[in-house]
Amino acid sequence: MSTTLKCKQIELLKTYLRDCGGVGKPIDHAEQFEFSCGLLVNVYNTTTVNFQNLAHSTDLVNKIKNFINQLNSQPSQS
């Protein structure tokens with residue numbers, strides 16, 4: 082099971098994912114963050130964010146989605 086969102090400020094999101102315990106590694110056109118609960122979050126250079134292995138990580142997924150929504154509601158930084 083996976084879900085996909087867009088994030089306007091991917092560098093801030095990457096910092097947030099690291100702060101939440103995600104370990105990042107480069108993959109094709111993205112950085113993948115792996116969490117101890119098994120959640121994978123792929124942050125693509127195109128601003129697409131893909132969540133995988135959601136079954137046991139609902140609270141963390143909701144926390145990350147809320148952060149993305151906050152970022153998207155702010156004016157973009159140039």
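Heads up, the numbering used here is the position in the sequence shown plus 81, with the first residue counted as 1. The beta-carbon is built from N, C-alpha and C at its ideal position, and this holds for glycine as well. Computed from a prediction, not measured in an experiment: that's the story for all the values here.
Query raised in the report: With a CB to CB cut of under 8 Å and the five nearest residues on each side skipped, what residues in its chain are close to Asn126?
Result: The count along the sequence shown starts at 1 and reaches residue 126 at position 45. Ile91, His110 and Ala111, listed in sequence order.
**Report entry** Ordered list of beta strand (DSSP E) runs contained in the stretch 87-119, each at least 3 residues
**Finding:** 104-108 and 111-115
**Report entry** Integer Cβ distance of Leu135 from Val142, believed to fall under 8 Å
**Finding:** As a first step, residue 135 must be located in the sequence shown, where it is residue number 54. As a first step, residue 142 must be located in the sequence shown, where it is residue number 61. Between Val142 and Leu135 the Cβ distance is about 6 Å, and since that is below 8 Å, they are a contact.
Query raised in the report: In the structure shown, what three-state DSSP assignment does Thr127 receive?
Result: Taking the sequence shown and counting its residues from 1, one reaches residue 127 at position 46. Three-state DSSP puts Thr127 in coil, outside helix and strand.
Query raised in the report: Three-state secondary structure (DSSP) at Gln155?
Result: For the purposes of this step, residue 155 is identified with residue 74 of the sequence shown, where counting begins at 1. Coil.
Query raised in the report: So which of Val124, Ile145, Leu120 and Gln133 has the shortest CA-CA distance to Ile108?
Result: For this step, residue 108 is matched to residue 27 along the sequence shown. The shortest Cα separation from Ile108 among Val124, Ile145, Leu120 and Gln133 belongs to Val124.
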